[in-house]
Amino acid sequence: NGTDVLKTSASNYPADILFLRDDDIPQYVEQQVADIGILGENIVFEKNRDVEILDQLGFAHCRLSLAIPKEEAYTGPGWFMNKKIATSYPELLNRYLAEHNLTAGIEEISGSVEIAPGIGLAEAVCDIVSSGSTLMTNGLKEVEVLLKSQAVVIANRNLDEEKRKILGKLLFRIRAVRNARENKYILLNAPRESLHEICRILPGIKSPTILPLEEKGWCSIHSVVKEDEFWERIDQLRNAGAQGILVIPIEKMIV
Numbered sequence: 720n721g722t723d724v725l726k727t728s729a730s731n732y733p734a735d736i737l738f739l740r741d742d743d744i745p746q747y748v749e750q751q752v753a754d755i756g757i758l759g760e761n762i763v764f765e766k767n768r769d770v771e772i773l774d775q776l777g778f779a780h781c782r783l784s785l786a787i788p789k790e791e792a793y794t795g796p797g798w799f800m801n802k803k804i805a806t807s808y809p810e811l812l813n814r815y816l817a818e819h820n821l822t823a824g825i826e827e828i829s830g831s832v833e834i835a836p837g838i839g840l841a842e843a844v845c846d847i848v849s850s851g852s853t854l855m856t857n858g859l860k861e862v863e864v865l866l867k868s869q870a871v872v873i874a875n876r877n878l879d880e881e882k883r884k885i886l887g888k889l890l891f892r893i894r895a896v897r898n899a900r901e902n903k904y905i906l907l908n909a910p911r912e913s914l915h916e917i918c919r920i921l922p923g924i925k926s927p928t929i930l931p932l933e934e935k936g937w938c939s940i941h942s943v944v945k946e947d948e949f950w951e952r953i954d955q956l957r958n959a960g961a962q963g964i965l966v967i968p969i970e971k972m973i974v
């Protein structure tokens, strides 16, 4: 909102909210300065604090990757032997090098990692990648993926029973919103002779809702379809005789 407020209270939930640097969140949660935190898995694994990962949230997808100048011929992990690598993730990079019995120099920098080879600071980078466009802009190509990451909820391992109950209610609400985002509500009309095939295509949460239409031999079918399967299912439904297909967003979905 353009202000510098770093702490606020939820208006309809018993929680105070702290706005922190993501690098600091694992430490704050481990030390019970905060009870839970929301941040990327990449930070959780890099900081390696004694916290509990409760749930993946399905957004902020990215990956931690090694990248080298695009003109280089990559021959496998051995390419990095005795090379200098720039990164903001020295712990995860060190683990990768140890797993592959590699020795390399690590240049730890806090930002603009992808520019390091271009200015002679390093021969490769280990950095967070989303689309890969930033790497391409800086003349780099992605060659190894160390970690796939998304936003997660973490918690202190020693929360008391009261806080666990509050946390459980919060996670319930988060999952209801996430389930809604991942699914669509679908309504369609179909001849009864196609009912068996359409129910096979649209199993729903338990089973589709089927309502008779005034026109003899026709029914209305209501169900839920996953977002990532949507277009494939629509094609199958049309081929099975479905008509008047309506697709509606779901606000909350409790299963």
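All you need for this note's numbering is the position in the sequence shown, starting with 1, plus 719. We put the beta carbon where it would ideally sit given N, CA and C, even for glycine.
Per DSSP, the beta-bridge partners of TYR904 are VAL943 and ILE967.
Residue pairing of ASP774 in beta bridges, as defined by DSSP: VAL872. When the beta-carbon positions are compared, LYS903 and GLU946 come within less than 9 Å of each other.
In the three-state reduction of the DSSP assignment, GLN746 falls in the helix class. Separation of the CB atoms of PRO788 and LEU840 is rounded to 13 Å, and the pair is thereby denied contact status at 8 Å.
For SER913, the three-state secondary structure derived from DSSP is helix. Judged by beta-carbon spacing, PRO745 lies within the 9 Å limit of VAL763, meaning their Cβ atoms are closer than that value.
The three-state reading of DSSP puts VAL763 in helix, counting H, G and I together. The way I'd put it, the stretch 752-767 does touch the stretch 876-896; three or more beta-carbon pairs between them come closer than 8 Å. Pairing GLN869 with GLN775 gives a Cβ-Cβ distance under 9 Å. Of the residues assessed, ASP846 falls on the buried side of the cut-off, its CB having 16 or more other CB atoms within 10 angstroms. For the stretch 842-888, the continuous alpha helix (DSSP H) assignments of 4+ residues that do not extend past its boundaries occur at 852-856, in sequence order. Note: LEU758 is bridge-paired with VAL871 in the DSSP secondary-structure output.
Taking a cut-off of 8 Å on C-beta distances, the stretch 801-819 touches the stretch 864-879, as three or more cross pairs fall below it. C-alpha of ALA729 to C-alpha of GLU880: approximately 21 Å in a straight line.
Rounded to whole angstroms, ILE920 and ALA899 show a C-alpha spacing of 20 Å.
Here ALA874 is not near VAL944, since their CB atoms are 9 Å or more apart.
Distances from the alpha-carbon of LEU739 to those of TYR732, ILE929, THR727 and CYS938 put THR727 closest. Going by DSSP, ARG814 is part of the alpha helix (DSSP H) stretching over 809-818.
Around the beta-carbon of TYR732, fewer than 16 other beta-carbon atoms lie within 10 Å, marking it exposed.
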